[in-house]
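Everything on this sheet refers to the single structure shown next.
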Amino acid sequence: MMNFLFAYNLVLGPFRLLLFIAFIYAINLLVIKPSKKKYGLDLFISSYAFFVSFLIILILILTQLNSYDFIVVGFILLLIAVFTFLDLDFKKDLRPQLKHIRTRFILYVVKSIEFKTPLLGEKNFKKSKNSLDQEKRVIKLWQISVGVIIVILCFASRFYFFKYDNYTLSDFWYQDLSSIKEITKQHWFIANGNSLGEMALINFYALITGISDAVALSSFALITTSLLALVLFWMLNRITRSIMVPGFTAAMVFIYWYCFLPLNVNLMTQPKSVFLALTLAFPLLTYLFVNDSKKLQQKRAKALFVLFVLAIALINWFVAMVIIPVMLFVYFIFNVKKQTKQVLTIIGYYALSILVLILCYCIIGYLQSKEISFYLSTNLFSFNYYTYAPQLILPIKQLYSYYYISSVVLGVLSVVLYFKNTFKYKAVAMLSVFLVALFSMYQLQLTFMDLDILNLILVASIPLGFGLIVFYCTELLSFVTLRNTIKIPLQLFVITISVLAVLYGFESQKLKNYPVRNPINAHILKVYDLMDQTLLPFSYAIVNREVNSRIGEDKHYFINYQEFDASYMDQDEIYYKFKNNTNYLKYHPEIVLPQSVFVFIYDKDVVLNTKNGLDIIEQEKAQSQIDLLLQKGRKINVFYDSKELKVYEIINEPKASHIDDLFF
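Residue numbers 851 to 1514, in the working numbering, belong to the letters of the sequence shown in order.
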């Protein structure tokens, strides 16, 4: 069973993030005017896409200026909130506007004092009651309620798969952790050529929630997949012009139908930049397929389009260079005849976005002496993903053949209905053709395309196909007037029961055959997180496997077991002999021991497991060293104790390492 404290830490980050989102929402109520066009999930998805896109580009700029820091980012966001609240028109003279704002503020303060009302109260957070009619208010509440349930279900579902996790403390995990630390060092470009947009967000997520980089990395996938499930729910409802059912079906399939989705269960907890990029690309697709030409011609819409494309490219180059062009190609087919200028404008803005980003890459790459052509080409491929899905109900090639045939059938049906009712079925037909294009790309098995990345994109797209099938079923029912008589709760209940029936009927037995996670990983991660939260950087040393020392890189000194067993006792003898001779220590700093030394001693069963890379003789010698130090009267505490792992703290200088000891 998963270590309770480790599980608590994984949930703590998302919980604090939820509080941060609530704070942002409160600020939004204060500074943003009520909108009659956007409410409920429409408002959340658009705000999320804008904030994440802006944040990624901001972090890129700040790292190049060697200025990335939580305080700097927070200050910039605060300035944006202030300017939004002031609602200044920069095309006009600012002096009379500021004078008018000052006058209104003084009157507001005087009025509040005179009537003895608080300057900031409940009325400041209330939107206009007339901004939504009763029907839209009910829809808003339904969408938000079901959306929250979807997020909770997806989070719990992915959290369950930590039981089978092979990602934590793997080579992939250490590589991603190193990328996150590179952002802290103001380095966006690193030698392995990976896009760092997702790693930048994980770094910021760790900063705003106060958790360590390691825990942030291990919990971020839970957040990303939950957001993607919510986006699927919102997206399909918008495209089909439905309130709930098609989108709910897509979300539930994505959450629970693992036997139909070619996901690697052992790497379910791995953050996937493809999924994060799709949480921006799918809203972009929705706005293109659903919105009319007038909205897309607005300057704000064009600016947001460029912003989204840039952010997607910084997160995952494959999605930006392969999937968005497919999306634009479908948009071109359905709109070029009647809206030629608009279509060419959108394509032009996409090309401009990519060219601007490549130009920025070239300039920064020149300054940092990086080979940009290699960087861009390698980002179309990924060595961190691979497809292994024995839980599937059918062999993967056979399953994809059925998906391809089904997508073609749905595409033909959608196009036929599109010609009969263009307004109602246009967006549905565009989505169906988009799915046909994606499955066709996989069926062609193109050698220049990374099929593992494409597979992840299809994992997020397959639920859309199931949602479209349910949509057409509800359309069929409408002919016998059953659709309007079935209440939404009953529809959702039927879908939930159907999804869960398949889950327990087909998947439960297959998952039993999966190897479970290495239990020691949770303990190691928990210990390093405790140290990160409670100890001063570089006030202590750690005796452990060298590979594990990378978790706390740039925060502590490291001693391997061989060095500890061979020389620590001699150094301890010399140090304590001259400990009070400050003049001698001044000229011989090499004999000074760290204020505290933490020694990891693993259980025998853990050591005998060859996957852990431990040596039984080294462990026995390290334990004997601890015993000898205790006999010498050295102060040694047990910092962490469990069946699998015990961590001793050798205290060479009392009250010098623990943060609490410096205050109390």
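For each residue, glycine too, the CB sits at the ideal point set by N, CA and C.
Since the structure is predicted, the reported quantities are computational estimates derived from the model, not experimental observations.
Check whether Pro1133 and Ile895 have beta carbons under 8 Å apart: Numbered from 1 along the sequence shown, position 283 holds the residue referred to as residue 1133. Numbered from 1 along the sequence shown, position 45 holds the residue referred to as residue 895. In contact: Pro1133 and Ile895 (Cβ atoms closer than 8 Å).
Does the stretch 1374-1393 come into contact with the stretch 1026-1041, if we say contact requires no fewer than three beta-carbon pairs (one atom in each stretch) closer than 8 Å? no
Residues near Ile1000 in its chain [Cβ-Cβ closer than 7 Å; skip 5 each side]: Counting from one through the sequence shown, the residue named residue 1000 turns up at place 150. Within the same chain, Ile1000 has close Cβ partners Ala1079, Leu1080, Phe1083, Ala1101.
Proximity below 8 Å, CB of Phe1054 to CB of Leu862: Mapped onto the sequence shown, residue 1054 falls at position 204. Mapped onto the sequence shown, residue 862 falls at position 12. No. Outside cutoff.
Classify Ala1153 as buried or exposed, calling it buried when 16 or more other Cβ atoms lie within 10 Å of its own Cβ. Within the sequence shown, residue 1153 is the residue found at index 303, counting from 1. Ala1153 comes out exposed.
Taking the alpha carbon of Asn1085 as the point to measure from, which residue in Val1286, Phe1298, Leu893 has its own alpha carbon closest? Translated into positions along the sequence shown, residue 1085 becomes position 235. According to the sequence provided, residue 1085 is Met. The question's Asn does not apply to it. Closest by C-alpha distance to Met1085, out of Val1286, Phe1298, Leu893, is Leu893.
Rounded to whole angstroms, what is the Cα-Cα separation between Val1497 and Val1457? As a first step, residue 1497 must be located in the sequence shown, where it is residue number 647. As a first step, residue 1457 must be located in the sequence shown, where it is residue number 607. Between Val1497 and Val1457, the C-alpha separation is close to 15 Å.
List the endpoints of the continuous alpha helix (DSSP H) containing Ser1446. Position 596 of the sequence shown, counted from the start, is the residue given in the question as residue 1446. Here Ser1446 belongs to no alpha helix (DSSP H); instead the beta strand (DSSP E) covers 1446-1452.
Tyr1426 to Leu1380, Cα distance in whole Å? On the sequence shown, residue 1426 is found 576 positions in, with the first residue counted as 1. On the sequence shown, residue 1380 is found 530 positions in, with the first residue counted as 1. Going by the C-alpha atoms only, they are around 28 Å apart.
So which of Gly1215, Cys1212, Leu1157, Asp1404 has the shortest CA-CA distance to Ile1196? In the sequence shown, the residue the question calls residue 1196 occupies position 346. It is Leu1157.
Measuring straight from C-alpha to C-alpha, what distance separates Val1266 and Ile1312? Numbered from its first residue, the sequence shown carries residue 1266 at position 416. Numbered from its first residue, the sequence shown carries residue 1312 at position 462. Rounded to whole angstroms, Val1266 to Ile1312 spans 22 Å at the Cα level.
Euclidean distance between Cα positions of Asp939 and Val960: For the purposes of this step, residue 939 is taken as residue 89 along the sequence shown, with counting starting at 1. For the purposes of this step, residue 960 is taken as residue 110 along the sequence shown, with counting starting at 1. C-alpha separation (whole angstroms): 26 Å.
Would you say Ala1161 and Ile907 are within 8 Å of each other, going by their C-beta atoms? Sequence index remark: in the sequence shown, residue 1161 carries index 311 (1-based). Sequence index remark: in the sequence shown, residue 907 carries index 57 (1-based). For Ala1161 and Ile907, yes; Cβs fall inside 8 Å.
Beta strand (DSSP E) containing Ala1391: first to last residue? For the purposes of this step, residue 1391 is taken as residue 541 along the sequence shown, with counting starting at 1. Unbroken beta strand (DSSP E) run through Ala1391: 1390-1393.
Measure the C-alpha to C-alpha separation of Ile1303 and Val1344 and round it to an integer number of angstroms. Numbered from its first residue, the sequence shown carries residue 1303 at position 453. Numbered from its first residue, the sequence shown carries residue 1344 at position 494. So the alpha carbons of these two residues sit roughly 33 Å apart.
Nearest-angstrom Cα distance between Ile951 and Leu936? Against the sequence shown, residue 951 aligns to sequence position 101. Against the sequence shown, residue 936 aligns to sequence position 86. So the alpha carbons of these two residues sit roughly 8 Å apart.
Among the residues of its own chain, which have a CB less than 8 Å from the CB of His1226, if the five just before and after it don't count? Your numbering for residue 1226 matches position 376 in the sequence shown. One point to set straight first is that residue 1226 is Leu, not His, in the sequence displayed. Trp1167, Ile1208, Tyr1211.
Any beta carbon of chain B sitting closer than 8 Å to that of Ala872? Although the question refers to chain B, the structure presented lacks it and comprises just one protein chain.
Among residues of its own chain, excluding the 5 on either side of Ile1058, which ones have a beta-carbon nearer than 6 Å to its beta-carbon? Here residue 1058 corresponds to residue number 208 of the sequence shown, with the count starting at 1. Excluding positions up to five away in sequence, the list reads Phe870.
Member of Phe1450, Val923, Gly924, Met1094 whose CA lies at the smallest distance from the CA of Ile994: In the sequence shown, the residue the question calls residue 994 occupies position 144. Of Phe1450, Val923, Gly924, Met1094, the residue nearest in Cα terms is Met1094.
If I measure Cβ to Cβ from Val1258 and keep anything under 7 Å in the same chain, skipping five residues before and after, which residues do I get? Residue numbering aside, residue 1258 sits at position 408 when the sequence shown is read from its first letter. Val1286.
Out of curiosity, what's the CA-to-CA distance linking Leu948 and Gly997? Locating residue 948 in the sequence shown gives position 98, counting from the first residue. Locating residue 997 in the sequence shown gives position 147, counting from the first residue. Using only the alpha carbons, I get a separation of about 41 Å.
Which partner residues does Leu1495 have in the DSSP bridge list? Position 645 of the sequence shown, counting from 1, holds the residue named residue 1495. Per DSSP, Tyr1452.
Proximity below 8 Å, CB of Val1449 to CB of Ala1416: As a first step, residue 1449 must be located in the sequence shown, where it is residue number 599. As a first step, residue 1416 must be located in the sequence shown, where it is residue number 566. No, they are not a contact pair.
At least 3 beta-carbon pairs within less than 8 Å: the stretch 1169-1183 vs the stretch 1287-1295: yes
Quick check for students: name the residue ranges of the alpha helix (DSSP H) that lie wholly in the stretch 1225-1275, counting only runs of 4 or more. 1246-1270
Per-residue DSSP class, three states only, for His1373: Taking the first residue of the sequence shown as position 1, residue 1373 is located at position 523. The answer is helix: DSSP assigns His1373 an H, G or I state.
What number of angstroms, rounded off, separates the C-alpha of Leu1515 from the C-alpha of Phe955? Residue coverage of the chain in this structure runs from 851 to 1514, which leaves residue 1515 outside it and unanswerable.
Using the beta-carbon count (16 or more within 10 Å), is Asn980 buried or exposed? Position 130 of the sequence shown, counted from the first residue, corresponds to residue 980. Because the pLDDT at Asn980 is just 48, under 50, the model does not fix this residue reliably, and the value given afterwards should be weighed accordingly. By the 10 Å Cβ count, Asn980 comes out exposed.
Determine the extent of the beta strand (DSSP E) in which Ile1409 is found, giving its start and end residues. Indexing the sequence shown from 1 puts residue 1409 at position 559. Residue range 1407-1409 is occupied by the beta strand (DSSP E) that includes Ile1409.
Rank Phe1388, Gln1412, Ser1389, Tyr1390 by C-alpha distance to the C-alpha of Glu1396 and give the top, closest one. Counted from its first residue, the sequence shown places residue 1396 at position 546. Taking only the C-alpha atoms, the option nearest Glu1396 is Gln1412.
Quickly, what does DSSP pair Asn1487 with across the bridge? List them, please. Taking the sequence shown and counting its residues from 1, the one referred to as residue 1487 is at position 637. DSSP, once it has assigned bridges, lists Glu1499 as partnering Asn1487.
Residues near Met851 in its chain [Cβ-Cβ closer than 7 Å; skip 5 each side]: Here the question's residue 851 lines up with position 1 in the sequence shown. At Met851, the pLDDT of 44 sits below 50, so the modelled position is not reliable and the matter cannot be decided from this model.
Is Asn1114 near Tyr1238, with beta carbons less than 8 Å apart? As a working note, residue 1114 is residue 264 in the sequence shown. As a working note, residue 1238 is residue 388 in the sequence shown. Taking 8 Å as the Cβ cut-off, Asn1114 and Tyr1238 qualify as a contacting pair.
Minimum C-alpha distance to Ser1007 - residue among Phe1414, Leu1350, Glu1499, Asp1422: What you label residue 1007 is simply residue 157 of the sequence shown in a count that begins at 1. Taking only the C-alpha atoms, the option nearest Ser1007 is Leu1350.
Under the three-state DSSP convention, the category Leu1386 falls into: Mapped onto the sequence shown, residue 1386 falls at position 536. The answer is coil: DSSP assigns Leu1386 none of H, G, I, E or B.
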